[in-house]
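When you number the sequence shown by the working numbering, it's gap-free, plus one each residue, and the end is 93. Here a beta-carbon is modelled for each residue, glycine too, at the ideal position from N, C-alpha and C.
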Amino acid sequence: MAYSDTIKSTTKAAPKTLGNQLGRWAIHLDFPVIQIANYTGATRQTVYNWFSGRDVTPAYRTSVMSLLNILQSSQTSEEALRTCMKKQ
């Protein structure tokens, strides 16, 4: 599932927050937003808000940092998804 050009440009233009970094890696690997929402326990709208530069609240910070580490160490979306499934 490819991200829309709007999401890509919004994420690229946003300040580099934790959530924005997550978005950049998700777009890079084409990692689905629904999987990010499932892993972090957030809604899809919250994930898109993070992509656009909104700060990650403390309630989600640990899971977002964990997922960001997974995405950064994965070569593909499938590899990242397998790692996520093992950690849940």
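Subject >> Under the three-state DSSP convention, the category S9 falls into >> reply: For the purposes of this step, residue 9 is taken as residue 4 along the sequence shown, with counting starting at 1. Here S9 sits in coil by DSSP.
Original post:
Can W55 and N25 be called in contact, C-beta distance under 8 Å?
Top reply: Within the sequence shown, residue 55 is the residue found at index 50, counting from 1. Within the sequence shown, residue 25 is the residue found at index 20, counting from 1. In this structure, N25 lies closer than 8 Å to W55 by Cβ.
Subject >> Cβ pair A7, S57 closer than 8 Å >> reply: On the sequence shown, residue 7 is found 2 positions in, with the first residue counted as 1. On the sequence shown, residue 57 is found 52 positions in, with the first residue counted as 1. Not closer than 8 Å, so no.
Original post:
For L27, which option in T88, E84, V52 has the closest C-alpha, if you only look at C-alpha atoms?
Top reply: Locating residue 27 in the sequence shown gives position 22, counting from the first residue. Distance check between L27 and each of T88, E84, V52 places V52 closest, using alpha-carbon atoms only.
Original post:
Looking at the structure shown, is Q93 part of a helix, part of a strand, or coil, going by DSSP?
Top reply: The count along the sequence shown starts at 1 and reaches residue 93 at position 88. Here Q93 sits in coil by DSSP.
Original post:
Roughly how many angstroms separate the alpha carbons of M70 and L23, rounded to a whole number?
Top reply: Within the sequence shown, residue 70 is the residue found at index 65, counting from 1. Within the sequence shown, residue 23 is the residue found at index 18, counting from 1. About 8 Å.
Subject >> Collapsed DSSP secondary structure at K21 in the structure displayed >> reply: Walking along the sequence shown from the start, residue 21 turns up at place 16. Three-state DSSP puts K21 in coil, outside helix and strand.
**OP:** Taking only the alpha-carbon atoms, compute the straight-line gap between L84 and A42 and give it to the nearest angstrom.
**Re:** Position 79 of the sequence shown, counted from the start, is the residue given in the question as residue 84. Position 37 of the sequence shown, counted from the start, is the residue given in the question as residue 42. Correcting the residue identity first, residue 84 is Glu in this sequence and not Leu. If you take the alpha carbons of E84 and A42, they lie about 17 Å apart.
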